[in-house]
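Residue numbers (this note's numbering): 380 to 671. All C-beta atoms in this analysis are idealised placements derived from N, C-alpha and C, irrespective of residue type, glycine included. Only a predicted model underlies this, so the values are computations on that prediction, with no experimental measurement involved.
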């Protein structure tokens, strides 16, 4: 419908409404207001504010709906971007872990380590510490030179040489005696304790009767009549073959002989430190005193 026709129809409707309103309300009683002014004011209030909805205009409610949806989308997009940024920062930060204290130590308030009383004691390595080298010969499974920790005993030297053979007379040795560095331990065979062959003694790695003793005399002079060992000429190695006499005790006998001169009798061995009545009883049938 053309706009002019719409305006004309609107004016006609307004005029008809005015006429009906004036019939019911009547003329105004105020002198200041001209006739028909009150009805015209009401009619003017009742008239629409605009000429009518245009073809290009949209309802206000629809405009408000579009505006609120756009704002919601913007807010949701901003929240999504913020969430992505926070996740990226969290993944980019390096994670650090604090190492735990070792089970064997506890740190006090000053930061100094304190030893744990329940921790097992630390053992020194097996190869640590000084060593002694001895020569084990005679009735052993692996005769030869062995290295032992300082302070080892005769029985440990025999174990290092493979142990004694079944025919060995280990009772003739003092198995609990300390082993001296450079000593030779000869394990006699059972039944040959009273007469040890020359190959079982000797000095400086030589076998037979040509070995030299500690006094520089030949090995021939270390034997007395009856196969007994002459304590005045025997070397440390020869004295070590006696029962219950190890390298340390043999060295004491030789040292006493150097300091006090030759033994005058077998009983003089009692003056050597470490030789008591029981050891004297076992040595009497095996040693002798000849020369000096």
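| Query | Result |
| --- | --- |
| Could you pull the start and end residues of the alpha helix (DSSP H) that residue 657 belongs to? | 656–662 |
| Can at least three beta-carbon pairs, one atom from the segment 635–652 and one from the segment 540–547, be found at a separation below 8 Å? | no |
| By Cβ distance, which residues of its chain are closer than 6 Å to residue 514, with the 5 residues on each side in sequence left out? | 524 and 563 |
| To the nearest angstrom, how far is the alpha carbon of residue 469 from that of residue 463? | 10 Å |
| Compute the beta-carbon to beta-carbon distance between residue 555 and residue 532, rounded to the nearest angstrom, for a pair I have assumed lies under 8 Å. | 6 Å |
| Would you call the CB atoms of residue 559 and residue 626 closer than 7 Å? | yes |
| Can you tell me whether residue 460 is buried or exposed? The criterion is at least 16 other CB atoms within 10 Å of its CB, across all chains shown. | exposed |
| Residue 461 by DSSP, collapsed to three states: which one? | helix |
| Pull up the distance between the alpha-carbon of residue 456 and that of residue 471, whole angstroms please. | 23 Å |
| Can you grab the Cα-Cα spacing for the pair residue 519 / residue 569, in whole Å? | 13 Å |
| Suppose the cutoff is 6 Å on Cβ atoms and the five residues either side in sequence are ignored; what does the same chain contact list for residue 534 look like? | 554 |
| Determine the burial state of residue 665: buried for a count of at least 16 other Cβ atoms within 10 Å of its Cβ, exposed for fewer. | buried |
| Hey, quick one: how far does the alpha helix (DSSP H) through residue 567 stretch, first residue to last? | From DSSP, residue 567 is part of no alpha helix (DSSP H); its letter is neither H nor E. |
| I think residue 511 touches residue 529, with their Cβ atoms under 8 Å apart; what is that distance to the nearest whole Å? | 5 Å |
| Note the first and the last residue of the continuous alpha helix (DSSP H) segment covering residue 539. | 533–539 |
| Residue 565 and residue 613 - do their beta-carbons sit closer together than 7 Å? | no |
| On the three-state DSSP scale, how would you describe residue 517? | strand |
| The beta strand (DSSP E) with residue 619 in it runs from where to where? | Unbroken run through residue 619 is the alpha helix (DSSP H), 615–619; no beta strand (DSSP E). |
| With DSSP collapsed to three states, give me the class of residue 626. | helix |
| Residue 615 and residue 630 look like a contact to me (Cβ under 8 Å); what is the Cβ gap, rounded to whole Å? | 5 Å |
| Going by DSSP, which residues form a beta bridge with residue 557? | 532 |
| Using a Cβ-Cβ cut-off of 7 Å (strictly less than) and excluding sequence neighbours within five positions of residue 355, which residues of its own chain qualify? | No answer is possible for residue 355: it lies beyond the span of the chain, which begins at 380 and ends at 671. |
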